[in-house]
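Engineer: Protein chains in written order, with the numbering used here: chain A, 1 to 175; chain B, 1001 to 1175. Before anything else, here's the structure in question.
2 protein chains.
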Amino acid sequence: MAAQALYAELARQLNAIGILRRGLLRALPVDCPSGPAATLSLLHRHGEMRMGRLCELLAIDMSVTSRHVAHAAERGWVERVPDPADRRSRILRLTPAGAVKLTELHDRTAEMFSHRLDGWSDGEVEQLIAMLTRLRDSFGADCRVPLLAHSVPAVSAAVPASVSPAPPELPHDHA
Amino acid sequence: MAAQALYAELARQLNAIGILRRGLLRALPVDCPSGPAATLSLLHRHGEMRMGRLCELLAIDMSVTSRHVAHAAERGWVERVPDPADRRSRILRLTPAGAVKLTELHDRTAEMFSHRLDGWSDGEVEQLIAMLTRLRDSFGADCRVPLLAHSVPAVSAAVPASVSPAPPELPHDHA
DNA sequence: TATTGTTATACTCTATAACTATA
DNA sequence: TATAGTTATAGAGTATAACAATA
Chain A
1 MAAQALYAEL
11 ARQLNAIGIL
21 RRGLLRALPV
31 DCPSGPAATL
41 SLLHRHGEMR
51 MGRLCELLAI
61 DMSVTSRHVA
71 HAAERGWVER
81 VPDPADRRSR
91 ILRLTPAGAV
101 KLTELHDRTA
111 EMFSHRLDGW
121 SDGEVEQLIA
131 MLTRLRDSFG
141 ADCRVPLLAH
151 SVPAVSAAVP
161 ASVSPAPPEL
171 PHDHA
Chain B
1001 MAAQALYAEL
1011 ARQLNAIGIL
1021 RRGLLRALPV
1031 DCPSGPAATL
1041 SLLHRHGEMR
1051 MGRLCELLAI
1061 DMSVTSRHVA
1071 HAAERGWVER
1081 VPDPADRRSR
1091 ILRLTPAGAV
1101 KLTELHDRTA
1111 EMFSHRLDGW
1121 SDGEVEQLIA
1131 MLTRLRDSFG
1141 ADCRVPLLAH
1151 SVPAVSAAVP
1161 ASVSPAPPEL
1171 PHDHA
């Protein structure tokens, strides 16, 4: 409902968040890139699950998810146990070593944010979170598919290392 | 200043924005991926400039910038004219064809946002923009370098990519 | 010797498609 | 035949390093 100039500015700012994201990803441990990091975070937050479920949460293809999980499994951070209910599936579970790794990632994220957002009040951070949540909801669960009748535009945004796990009490996740 | 759980949630939401971004990028014209799109947008917004300046605005390495520009130049969207003041440099300039291409991208973006953000008031969009702007500023121009406590603050090259004033009438920095 | 820009190489993330093994 | 997951291949984006031309 806003003017084109407003949307243009929003596109610009979302793009800037993408730049910020690249900086955040650079700070990840060399043995744990963003994909595996996101895997650990989601397994911690949602508990054990199957590949399909993880795919939905990551919003990426099964093939990609498979490799991220393999990366984590090779390092002992995740174990894949056969699903007794369907032998085609494997249940993914965070291992103690994975929990340790995740804690490392989490601590880094918290430290980084606490420094960078030093001037922000809790309420302001909460407000930002609320707006980002709403923004994503406005785009819906189908954000991966075309958004217009004919096709779409550009813009770009961000993906923080997806680091940071989170105490299971927090709602909302989609990602 | 906030609790770890709050930072964790912020990281999660920023990550979700990244997922949204992937969907948007998928919809770009096949002949104009995000890198070249960002190049056109910045040349339009800031006017002709040299490679080094564009690097700062994009906040990416010169080598990467060089290829994005080459992509655009091959399609006639950007011209690289010798810099009379320093023959090592080339001045980058948006061509009429590039302006046309940019308009296409711009129109698509505005249309997409107007659909997706149908329920948002102008004030709400403005508020989101303001928070994203502040977020980026909180990370500073040195968002590309280490972000942890022990890391050193960047010294030079204030990356204006973060400042983003808004002179020209058609802002918009896709990508 | 330092700087501007290009090119070569490599790595991460992603997607599509082919393949295995179950249902 | 359909589904869960893996693997092979390819493409975009980025970074580092070596190189070219000019300062």
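Cβ coordinates follow ideal geometry from the N, Cα and C atoms, glycine included. These figures come from a predicted structure and were not determined experimentally.
Please work out which residues of its chain come closer than 8 Å, Cβ to Cβ, to B/ALA1016, disregarding the five sequence neighbours upstream and downstream, and give them in chain order.
Structural biologist: Nothing listed; no residue qualifies.
Engineer: For A/GLU79, report the span of its alpha helix (DSSP H) as first-last.
Structural biologist: That residue, A/GLU79, is in no alpha helix (DSSP H); its beta strand (DSSP E) goes 78-82.
Engineer: My output table needs one value for B/LEU1092: the three-state DSSP class, helix, strand or coil.
Structural biologist: In the structure shown, B/LEU1092 sits in a strand (DSSP, three-state: E or B).
Engineer: Within 10 angstroms of the Cβ of A/GLU56, are there 16 or more other Cβ atoms? Answer buried if so, exposed if not.
Structural biologist: Burial call: exposed.
Engineer: May I ask which residues mark the beginning and end of the alpha helix (DSSP H) holding A/CYS55?
Structural biologist: Element bounds for A/CYS55: 51-58.
Engineer: Say whether chain B places a C-beta atom closer than 7 Å to the C-beta of A/THR176.
Structural biologist: This structure leaves residue 176 of chain A out entirely; chain A is present only between 1 and 175.
Engineer: For B/ALA1237, tell me which candidate among B/ARG1090, B/GLY1098 and B/PRO1084 has the shortest Cα-Cα distance.
Structural biologist: In the structure as shown, chain B begins at 1001 and stops at 1175. Residue 1237 of chain B is therefore absent and cannot be evaluated.
Engineer: Note down, one range per segment and in chain order, each alpha helix (DSSP H) of at least 4 residues found wholly within the stretch 97-133 of chain A.
Structural biologist: Here no run is fully enclosed.
Engineer: Relative to the C-alpha of B/LEU1042, which residue among A/ALA8, A/ASP83 and A/ASP137 is closest?
Structural biologist: Selected option, being the one with the closest Cα: A/ALA8.
Engineer: At a Cβ threshold of 7 Å, is B/THR1133 touching chain A?
Structural biologist: At least one chain A Cβ lies under 7 Å of B/THR1133.
Engineer: Following the continuous alpha helix (DSSP H) through A/LEU42, name the residue where it begins and the one where it ends.
Structural biologist: Per DSSP, A/LEU42 belongs to the alpha helix (DSSP H) from 34-46.
Engineer: Just the C-alpha distance for A/ALA110 and A/GLY119, rounded to the nearest angstrom, thanks.
Structural biologist: C-alpha separation (whole angstroms): 15 Å.
Engineer: The alpha helix (DSSP H) with A/VAL64 in it runs from where to where?
Structural biologist: Start and end: 62-74.
Engineer: Determine whether the beta carbon atoms of A/LEU132 and B/GLN1013 lie at a separation below 7 Å.
Structural biologist: Going by C-beta atoms, A/LEU132 is nearer than 7 Å to B/GLN1013.
Engineer: Taking the alpha-carbon positions, what's the B/ARG1050 to A/LEU58 distance?
Structural biologist: Taking the straight line from one Cα to the other gives about 39 Å.
Engineer: For a quick check, are the C-beta atoms of B/THR1095 and B/GLY1076 less than 7 Å apart?
Structural biologist: Contact: yes.
Engineer: Just verifying my parser: in three-state terms, what is the DSSP assignment at A/ALA3?
Structural biologist: Three-state DSSP puts A/ALA3 in coil, outside helix and strand.
Engineer: Once the 5 residues before and after A/SER66 are set aside, which same chain residues still bring their CB inside 8 Å of it?
Structural biologist: Cβ neighbours of A/SER66 beyond the five flanking positions: MET51.
Engineer: Between the stretch 19-34 of chain A and chain B, which residues of the former have a C-beta closer than 8 Å to a C-beta of the latter?
Structural biologist: Of all residues in the stretch 19-34 of chain A, ILE19, LEU20, ARG21, ARG22, GLY23, LEU24, ARG26 and ALA27 have a Cβ within less than 8 Å of some Cβ in chain B.
Engineer: What residues of chain A sit near B/ALA1070, judged by a beta carbon separation below 9 Å?
Structural biologist: Ordered by position in chain A, no residue passes the 9 Å Cβ test against B/ALA1070, which lies about 19 Å from the chain.
Engineer: Going by the CB atoms, is the gap between B/PHE1139 and A/LEU128 shorter than 7 Å?
Structural biologist: Contact flag unset, no.
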